[in-house]
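Worksheet: one structure, shown below.
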Amino acid sequence: MMSSRSKRITLKEAAEIVRDGTLLTFSGFTIWRRPCALVFELIRQKRRNLHLVEVNGGPHSEFLIGAGCVDVWESCWIGHELYGKFGANLSRKVKNKEIICEDYSHAEMGFRFLAAASGMPFLPTQTSLGTDIHNPEYDMLGRAGLRDGKNPRIARKKYETMKDPFFGDGEQVLVPAARVEVAVLSVQQVGEEGTVRIGGQFFTDPEICRAADTTIVVAEEIVPEETLRREPRLNDIPGFQVDHIVECAYGAHPTGMFGHYDVDGDFIRNFYMQTRTQEGFDEFAREWIFGLDHDAYLSKLGVGRLLNLQANRALNFSTRVKRGHK
Amino acid sequence: MERHAYAKAGEYTLADLMTVAAGREVMDNEVVFAGTGMPMIAIMLAQKTHAPNLKLIFEAGTFDGRSSFTPTSVGDPRCEGGASRASGLCEAFAIAQRGYVDLGFLGGSEVDEYGNVNTTVIGDYLNPDLRLTGSGGNPDINSFARRTVFIMVHEARRFTRNVSYITSPGWRVKKWPSGEWVHRRELYGRAFRGGPSAVISTAGVFRFDDVTGRMYLDSYHPGKTPEEIRGLCQFDLDVSRTSGETAPPTYEELHIIHEVLDREEIFLPKPKRP
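Which chain is which? The protein sequence lines are A and B, in order.
Take any residue in the first sequence, count from 1 to its spot, add 6: that is its number in my numbering.
Take any residue in the second sequence, count from 1 to its spot, add 2: that is its number in my numbering.
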């Protein structure tokens, strides 16, 4: 991990670090703090054969999957919360067998990243016993012949079980570490040396950052390190765990950013409705991804829309955005 | 109107009735794990009525929130108002695995008579007709909490003999690698804390027999009959222990739902005035 030279790069350069076939993960939680600006750039650069390993999915996964960038999706959930019932693009591609989908539970995915983040090969848990998540027939990477050891990042088994040898606590499930190559984080602030300060819940960001070999932080603002180092307890990730930093305002849109902007529910709902078919996705991509860069994307959204999403600085969410029927 | 009096038919919606029924599952001082949606309103309703000391945990990492603003999902900044701590998911699940959680509210697409729930696929997992969201934290909360309550749409295809995929464990579950059916207690051993305690559907409230783990009808919603509900289950539903009609919302509960918790009508549109 580098320290001396500047970590600052552009969005385009950040996307180039994620090469075809990368095992990749992202910050955030469902429709919050997803690095969508970088995801759109990956799609523009026509990245292929990505292997996403995610604590949970969301609109950003659906963008990449719809665009045909993803061969394997390993996670537990994909959808748009209130704004779309499930991941229509993943659903279509699973049905057409155009993608490999490996299911773990949410806690298992969290613990897999915690294991990788701690340098452990696996962690034991007693979650989800008795479910089809542990059905040996449903090891989809195994069925695809990807657990042959050729890729050292892919575990040779989906999971293992053993009896607790210490306290007699019974059956344990051992879940393999999520040894991803690259993590891309979308956060509020990063210092020039990479110190990360997240606003609100940090979800699994500290774990995914340490789990990855290379970490790219896309921040709403890059700030002088000393401003963050005055109160280190407020920081979430030390700078030496971060390789590259990108400054990108509204970099998570249409997902939300605590303290900066709310979820753009209309955008996500329209995306979900429009991309039930591949033709619909291609049309969405022509309109919102190809032929634009991030600045042009924001201009297309327009000042009025962005102001409407802007968070109240005392409450950390927008008081103007329409959420329900009223 | 006496605020503790029950509202009359037409003064509340089916969603109001289900929310109130869900809220009544919460006991005071319990630690309650909430997912996104109607359960958030149900839990906050309980907090404002009979369970003022409940502790609310959001899956994304917020503990004991006392927000005046209803979140639309568990990652929402609105979860964090007045909270004791905001952190992350590994901590939330570690706390749950440690045994702090009394009650969890969950959803499902299909359920069988032992409370096994599917939110993953419809059809054969290897050749699915429809891929759904996947598990999320459903099996985790259901494995770790003492009691879980499922909120579901009631259709015969959803109350099924065999779910397409067991996403979340009920009272009789599969022991791998053989797939032999065993009682949950046997599989979980010392980690056993409980399991599904109720299903609140659009037709009624269902519970599970302590010994057999089989579902029975506890109460039917106003306008439904036990026989009609039996016809809406592919398995042989026990209706012999029915306690009667599901109690409707009170005027106070309706006021809290619509004028305090969900003024914006995010989850619960107001009943249409006649």
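For every residue, glycine included, the Cβ atom is placed at its ideal position computed from N, Cα and C.
When Cβ-Cβ separations below 9 Å define contact, Gln-99 of chain B makes contact with chain A.
With contacts defined as CB atoms closer than 9 Å, Phe-161 of chain B and Phe-71 of chain B fail to qualify as a contacting pair. For Leu-70 of chain A, the enclosing alpha helix (DSSP H) begins and ends at 65-72.
The secondary-structure analysis by DSSP pairs Ala-200 of chain B across a beta bridge with B:Val-151. Taking the Cα of Thr-28 of chain A as reference, the smallest distance to any Cα among A:Glu-87, A:Gly-85, A:Thr-220 is reached at A:Thr-220.
The C-beta distance from Glu-247 of chain B to Pro-273 of chain B rounds to 18 Å, too long to meet the 8 Å contact threshold.
About 4 Å separates the Cβ atoms of Val-103 of chain B and Ala-147 of chain B, confirming a contact at the 8 Å cut-off. Ala-43 of chain A: member of the alpha helix (DSSP H) spanning 42-50, first to last residue. Shown in chain order are the members of the segment 139-158 of chain B whose Cβ falls below 9 Å from a Cβ of chain A: Gly-139, Asn-140, Pro-141, Asp-142, Ile-143, Asn-144, Ser-145, Phe-146. Between His-112 of chain A and Ser-137 of chain B, the CB-CB gap stays under 9 Å.
Contact of Glu-267 of chain B with chain A by beta-carbon distance below 7 Å involves Gly-330, His-331, Lys-332. If you keep only unbroken beta strand (DSSP E) runs of at least 3 residues inside the segment 173-217 of chain A, you get 177-182, 188-197.
Relative to the Cα of Trp-183 of chain B, the nearest Cα in the group B:Val-123, B:Pro-171, B:Ala-193 belongs to B:Pro-171. Residues of chain A whose Cβ lies closer than 8 Å to the Cβ of Lys-177 of chain B are, in chain order, Gly-136. Rounded to the nearest whole angstrom, the C-alpha separation of Val-241 of chain B and Arg-275 of chain A is 41 Å.
In this structure, DSSP gives Tyr-253 of chain B a helical state, which the three-state scheme calls helix.
In chain order, Ala-23, Ala-200, Asp-220, Ser-221, Thr-248 place their CB closer than 7 Å to the CB of Val-207 of chain B, counting only its own chain and leaving out the 5 sequence neighbours on each side. Between Asp-211 of chain A and Ile-222 of chain A the beta-carbon gap is near 13 Å, outside 8 Å, which marks them as no contact. Nearest neighbour of Glu-232 of chain A by Cα position, chosen from A:Val-224, A:Gly-197, A:His-266, turns out to be A:Gly-197.
The DSSP-derived three-state label of Lys-226 of chain B is coil. A Cβ of chain B is located within less than 9 Å of the beta carbon of Arg-39 of chain A. Legend: CB atoms of the segment 21-36 of chain B lying less than 7 Å from CB atoms of chain A are not found in any residue. Classified as exposed, His-6 of chain B has fewer than 16 neighbouring CB atoms from the shown chains inside 10 Å of its CB.
The DSSP assignment places 146-149 as complete runs of the alpha helix (DSSP H) inside the segment 136-180 of chain A, in order along the chain (cut-off: 4 residues). DSSP, reduced to helix, strand and coil, places Leu-239 of chain B outside both helices and strands of the structure shown, so it counts as coil.
Annotated three-state conformation of Arg-209 of chain B is strand, per DSSP. CA-CA distance, Gly-109 of chain B to Asn-157 of chain A, rounds to 37 Å. 9 Å or more divides the Cβ of Leu-263 of chain B from the Cβ of Asp-18 of chain B. Under the DSSP assignment, Ala-291 of chain A falls in the alpha helix (DSSP H) whose first and last residues are 284-294. Around the C-beta of Met-126 of chain A, fewer than 16 other C-beta atoms lie within 10 Å, and the residue is accordingly described as exposed.
Proximity to Cys-82 of chain A across B:Phe-210, B:Pro-141, B:Ser-166, B:Ala-158 peaks at B:Pro-141, based on C-alpha coordinates. By the rule that beta-carbons nearer than 9 Å mark a contact, Leu-189 of chain B touches chain A. Residue pairing by DSSP places Arg-87 of chain B opposite B:Phe-65 in a beta bridge. A distance of 9 Å or more separates the beta carbons of Phe-69 of chain A and Ile-84 of chain A. Taking 9 Å as the threshold, the shortest C-beta distance from Lys-163 of chain A to chain B does not fall below it. Cα atoms of Val-179 of chain A and Ile-214 of chain A: separation of roughly 21 Å, rounded to the nearest angstrom.
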